[in-house]
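Residue numbers (the numbering used here): 97 to 332. Cβ coordinates follow ideal geometry from the N, Cα and C atoms, glycine included. Working notes for the structure below.
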């Protein structure tokens, strides 16, 4: 199994009225190449903290994160920024597109920051937009896009630098069921086709059948939800 994202014994604590509280408690996770993993859990369970640590945006109190087998502990801010730019792709709840850039320009900006060749970047941007059904919207500003189109643009942007790991934080929260399913379906297809590893944090039970594994975060730990239990929850 080719593991592209690994969290080893991740603990994150904070002080609350003089007492130490655990948000994450010796949490472990491995995500293989071509695998889409969903993480669910109640509000306040630490899902955002978990995703921030996985994405090198927040340092754990103890434990380590490995991306493509490389530990990121003790890296400088510059090294972490390069890691996020080249190895990690982020998809957020509200897309976070730059309002004054057209769709194609959103992708080219990412390539420019990474120092990609302009011609190669242009070709990759056009390929991604075609693949995600956005070629006809390449010159549109974010305000002119539907919710589903904005999220597809966010997926294209996240894939622009060919990262090994995709991290998505509630990407369907602002979408109806049909558009949400479409967005996660596209994400799942890209993970399989391009050999990415992906983690999807979601409350949306309807998206779970598209995922290879479903984990629940509670009391600081991840536990896998068997397929039978997943089906019961969806029916319920």
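- Taking a contact as a CB-CB distance under 8 Å, the pair residue 310 and residue 134 counts as one, their CB atoms being some 5 Å apart.
- For residue 142, the closest alpha carbon among the candidates 153, 158 and 316 is that of 316.
- Considering only 210, 274, 299 and 120, the residue with the shortest C-alpha distance to residue 174 is 210.
- Here residue 152 is near residue 176, since their CB atoms are less than 8 Å apart.
- In the same chain as residue 102, and ignoring 5 residues on each side of it, the C-beta atoms closer than 6 Å to its own belong to 126 and 162, in chain order.
- For the beta strand (DSSP E) assignment, the uninterrupted runs of no fewer than 3 residues enclosed by the stretch 251-294 are, from N- to C-terminal side, 261-265.
- In this structure, residue 288 lies away from residue 159, with their beta-carbon atoms at least 8 Å apart.
- A straight-line Cα-Cα distance of about 14 Å links residue 201 and residue 216.
- In this structure residue 312 does not touch residue 157 by the C-beta definition: roughly 22 Å separates them, more than the 8 Å allowed.
- Around the Cβ of residue 172, a 10 Å sphere holds fewer than 16 other Cβ atoms; the residue is exposed.
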